[in-house]
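**Q**
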Amino acid sequence: MDVLEFSLLICILLLKGTNLQAQTSMENVKAIWSRYVQATDGNSTYYNDYPGGGACALDPASPLNKLPDWMLVAAGEADYQKSLGCGMCIEINANGEQANSASGGPTPMKGTYKATIWDLCGGCKQAGFDFYIKGFGKYKTSFKAIECPTVPGEQGKIQLRFAGSHNWYIKLQARNSEVVTVGMEIEHNNKWVCMKRSADNYFIISGLGEIKFPKKFRITSISGEQLVTTVPYVKNDVNIPTDLQYSGFNPDSNPESIKCYGQDGKSEQPIGPTSAPASGTEGGTQPTPTASSSPSGSQPLPTSKLPTSAGGSSVSGGVVQTSSAPPTTVGGNNRPSPSPTSPTSKPPEEPDEKFCNGKPSGLYADPNDCSSFYHCSNGITYWKHCPEGLLFSPKLSVCDWPANVECGVGGQQDVEKGPHPGVKITQILKKREGSGTSILSKQQ
């Protein structure tokens, strides 16, 4: 395997990760809700073209985010809100005024911009964004969250996407939605069990034993609107279409009445009628719009730019509508994807959420699974998986062919415990591709 093949494999495996340390609070939910009702001011910067591998893990872009005259942006922690802000459509206004006397350029920000939050900006403050378009300089801007544009037909419906999932560990994302999804629940023993939100915009659940499919999932919008969907089976890294879509943002809704918002199993509700979005003061006092940032005491978010259902029901006027999703399609054709093979009787090992505690940033072998590894970044643990058919090589810190990797019955150990030596390969990528920034360089 030559250097270019190594480089390509690294780019692939860096996109197949599981962020284990994130848990949202009601303060995060109220902060995002307030973005829909009140404009806030900040400073935004031109960043140049989107390099890929955004922290929201929304690549490849879904139909609602590929319309002309729309752009992608990276948000600071105050608007990222532990990934609750991912996929949120926003309207940004600017009048060409520079953030300071030395921050101008030949392409001033002026007029109205439509954008989708796609990434995390480590240096951006409240209401400030990195624009993924060509330009230079930092300018004063204001923004407000809006409903995403509509697209006719199946392309305008919510899509679901699994990553690194199997029948004992589920990591599922809702994308292509008109407003943000704040919570996801899985049906288990005739109850809805709240799934934990990850910092890369997925919902994860484990510890339920073997999860057999088809399986029902319920998602909740920022307005409290709920959709119930039945997923036929687990298939990773493909968009699963549904025939559902939220009805938009309801300014009379009450976010404090939302029971599941990614807080990891703290809400178990019997399966029953799905309620319409809460409004007014029912279930709590409607919060006053605020431009507050992350709540005090919240866990820090990674500052690097990591990537890191079939069928359902919608609520419209208080009426729940249920359906089953069409077969998964790949590459735009209508051929149903094959069903996965039957699971083994023994559950796979579960990730160690504290693996990276005290470790330097870098890549580490999973001692229990030769096809998986851990990416430690500033103390944050990411559990990642090699592409199918490859194993992780501790010697080279890449996914390699099984013949080149020593994998024993008890797993494998790291050769070194230092940072991942990816700088040299990044430099080779830059030299060969002529790019100013690569996905790999964003991880350094």
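Counting along the sequence shown from 1, when you hit position 124 you're at 124 in UniProt numbering, and nothing is skipped either side. Each residue gets a CB set at the ideal place from its N, CA and C atoms; glycine is no exception.
Please report the distance separating the alpha-carbon of Val231 from that of Ala94.
**A** About 43 Å.
**Q** Cα separation between Tyr246 and Ser177?
**A** Spanning the two alpha carbons is a distance of roughly 7 Å.
**Q** In chain order, which beta strand (DSSP E) runs of at least 3 residues are fully inside the stretch 163-243?
**A** Counting whole runs of 3 or more residues, the stretch 163-243 contains the beta strand (DSSP E) stretches 169-175, 181-188, 191-194, 203-206, 215-221, 226-231 and 239-241.
**Q** Just the Cα atoms here: how many angstroms apart are Leu363 and Cys356?
**A** Each residue's Cα considered, the two are about 10 Å apart.
**Q** If I'm right that Thr116 touches Asn65 with Cβ under 8 Å, what's the distance once you round it to whole angstroms?
**A** That belief holds up - the Cβ atoms of Thr116 and Asn65 are roughly 5 Å apart, short of 8 Å.
**Q** For the beta strand (DSSP E) containing Ile258, list its first residue and its last residue.
**A** Note, Ile258: premise wrong, no beta strand (DSSP E); not H, not E.
**Q** Rounded to the nearest angstrom, how far is the Cβ of Val179 from that of Glu185, given a contact under 8 Å?
**A** Between Glu185 and Val179 the Cβ distance is about 18 Å, and since that is not below 8 Å, they are no contact.
**Q** On a Cα-Cα basis, can you pick out the residue from Thr112, Lys196 and Glu388 that is closest to Phe143?
**A** It is Thr112.
**Q** I'd like to check one pair, Gly53 with residue 447: are the Cβ atoms closer than 8 Å?
**A** In the structure as shown, the chain starts at 1 and stops at 444, and residue 447 therefore has no counterpart that could be examined.
**Q** Does DSSP put Asn357 in a helix, a strand or coil?
**A** Note: Asn357 maps to coil in three-state DSSP.
**Q** Please work out which residues of its chain come closer than 6 Å, Cβ to Cβ, to Asn239, disregarding the five sequence neighbours upstream and downstream, and give them in chain order.
**A** Answer for Asn239: Gln159 and Arg161, listed in chain order.
**Q** Decide if Cys399 is buried, meaning its Cβ has at least 16 other Cβ atoms within 10 Å, or exposed.
**A** Flag for Cys399 reads buried.
**Q** So the alpha helix (DSSP H) Trp33 belongs to, where does it begin and stop?
**A** From DSSP, the alpha helix (DSSP H) with Trp33 extends over Met26 to Arg35.
**Q** Excluding sequence positions up to five away, which residues of its chain have a Cβ less than 6 Å from the Cβ of Ile90?
**A** Result list for Ile90: Ala115, Phe143 and Ala145, in chain order.
**Q** What residues in its chain sit with their C-beta under 7 Å from that of Ile271, if we drop five residues either side in the sequence?
**A** Answer for Ile271: Glu187, Asn190, Lys191 and Trp192, listed in chain order.
**Q** Closest to Gly379 by C-alpha separation, out of Trp401, Ala403, Lys354 and Asp369, would be which residue?
**A** Gly379 has its Cα closest to that of Lys354, out of Trp401, Ala403, Lys354 and Asp369.
**Q** Can you check which of these residues, Pro255, Leu396, Gly164 and Thr220, is closest to Ile205 by C-alpha distance?
**A** Ranking the options by Cα distance to Ile205, first place goes to Gly164.
**Q** Cutting at 7 Å between CB atoms, please list the residues of its own chain near Ile211, excluding the five before and the five after it.
**A** Closer than 7 Å at the Cβ level, and outside the excluded window around Ile211, lie Asn167, Trp168 and Ile170.
**Q** Beta-carbon separation of Thr229 and Thr242 under 8 Å?
**A** Taking 8 Å as the Cβ cut-off, Thr229 and Thr242 qualify as a contacting pair.
**Q** Taking all protein chains shown into account, do 16 or more other C-beta atoms lie within 10 angstroms of the C-beta of Gly85, making it buried, or fewer, making it exposed?
**A** It is buried - the Cβ of Gly85 has at least 16 other Cβ atoms within 10 Å.
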